[in-house]
Each structure stands twice: as structure tokens, then as C-alpha cells.
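Numbering (the working numbering), first residue to last: 22 to 248.
Comments concern the structure below.
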Amino acid sequence: MTMLTHGQIWRAVDQLAEQHGLSTSGLAKRAGLDPTTFNRSKRVTTDGRPRWPSTESIAKALDATGTSVEHFFALLEPELSGHLGGDGFEEEATPMKGTIHSIPQIGFAQAGRGGFFGDAGFPVGAGWDEIMFPEVKDPHAYALEIAGDSMEPVYRNGDIVVVSPQADIRRGDRVVVKTREGEVMAKELVRKTARQIELRSLNPAHEDRLLPLDQVEWMARIVWASQ
């Protein structure tokens, strides 16, 4: 299946600037952004993790150059690729070729706070950021930015994971689980019975979990990761 990568979207930004006879700094200035917004130094964090351009900065660059979203997507299309922690995408989460839009995103630590999710685990309320992403069939899909080292080596600080609340979940899938007490965790589903779910930690240094179903508010499958 096809999916955007960090390098591919930044190359598309470079190509957009080049097509209009601009440097990346010039493109940022024309879009009314800080001149360093698209600089190479801004494409990684201080600890070397990938940093993605914001939806707002991309939208302003497209508007300033009179470029359609479809044209920008065409710049991405030749080398679209991605990584999933498993065998691939399920049909429910398959990106629809030729379409790109924004999906809501928050930090993983924020996900445990009230006001960000409804009872079904769908994103609600204010406070969400957005990222550019190929359209998926789940209209409630959202992104979480990993913080800390509790999910290493599978997910590292700064990684982005895309979660599909409507995707079917099977044994071995990596999932995000929220408990009724507000704890949010990313684990591997080992088994689900009528009474409980068994979860394996992604980081061997952290304990596995066995949760009664009446303590689980929702569970959703991770369908993509920006590794």
C-alpha cells in the first residue's frame, strides 16, 4: 500500500519552491511565514527525530503560489511509501490514491485528558492540531505524536502514529487503549475475551497489562507509523 513519508513530503515542498523559482526561504516568505519554516534545519528535532511541516504552513504555501492540493499531491505521488508495524494496512484504513486532506493530531500525553475523545473513542472538541495525510476510509481517524521512551524500540519520541477507531482489531495488532481512569497506552493485543483484554508492552522494560473490559473506555488500532 502507499503512504506518505517524512522525506517525501519535504521533497514535495522543495519541488514546489523550485517550480516557482524560489528557495525554501523565499517560499516561506511569500506564504507569510517565518523564513526558516521550510529550512532543512527545521526538518528534524534537536535530538534528530523527524519533524513534519504543519498543515497550516503547507496550506499557506499552496495559497501563496496558487497551487492546488491535487498538484501538491502529484509531487508526492511518484514515491509514496510508508511503514506499518505489521503486515500492512487493513481495508478500513487504506489510503485513497489521489486524495490528501488533514486529520486531527494531538500529543500522546494529551490523549488521556478530558475533552479530546467521545465515548466511542472518536476525536472531538477543540485543541487538536492537524497534519496532512492521504484520505482514509475511516472519517474518525486521527494522529498521535509519541512522547518519551516508554514505547521504544517500536515507537520513539517524536514518531507519529495514525489511529483508526473503526478498523477491525485482531490478535497481534498494535492498539491504543484508554481506560476509564484516563490512562492511555499503546500496546500489542494478545487476546480479548468476554471479560478482559490481555496486552503486551512494546517496551520490554514495561509490564504487560491485563485489563477487565469494564475498565476499558475504548480501544483502537494503529494503522500507520512515521518510522
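Just so you know, even glycine gets a beta-carbon here, dropped at the ideal spot from N, CA and C.
Since LEU54 and LYS81 are thought to touch, with beta carbons under 8 Å apart, how far apart are those beta carbons, to the nearest angstrom?
-> The beta-carbon separation of LEU54 and LYS81, rounded to 6 Å, stays under the 8 Å limit for a contact.
Legend entry - Cα-Cα separation, TRP149 to THR58: Roughly 21 Å between the two C-alpha positions.
Which residues mark the beginning and the end of the beta strand (DSSP E) in which ARG242 is found? Element bounds for ARG242: 237-246.
- Which residues share a DSSP beta bridge with PRO144? Paired residues: PHE138.
To the nearest angstrom, how far is the alpha carbon of ASP180 from that of LEU37?
If you take the alpha carbons of ASP180 and LEU37, they lie about 25 Å apart.
Quiz item: So the beta strand (DSSP E) GLN187 belongs to, where does it begin and stop?
Solution: First-last for GLN187: undefined, no H or E at that position.
Judging by CA-CA distance, which residue of ALA226, GLY193, GLN131 is the nearest neighbour of ASP170? The candidate whose alpha carbon is nearest that of ASP170 is ALA226.
Exposed or buried, which one is GLU166 when buried takes at least 16 other CB atoms within 10 Å? Result: buried.
Since GLU202 is in the alpha helix (DSSP H), which residue starts that stretch and which ends it? Run containing GLU202: none; DSSP gives neither H nor E here.
Q. How would you write the range of the beta strand (DSSP E) that LEU37 sits in, first residue to last?
A. Careful: LEU37 lies outside any beta strand (DSSP E), inside the alpha helix (DSSP H) at 27-40.
Straight-line CA distance for SER62 to VAL157?
-> If I take the Cα positions, the gap works out to 31 Å.
Between the C-alpha atoms of GLU77 and THR86, what's the straight-line distance to the nearest angstrom? Answer to the nearest angstrom: the Cα atoms are 14 Å apart.
Compare the Cα-Cα distances from VAL211 to each of VAL237, GLN187, LEU220, VAL205 and report the closest residue. Distance check between VAL211 and each of VAL237, GLN187, LEU220, VAL205 places LEU220 closest, using alpha-carbon atoms only.
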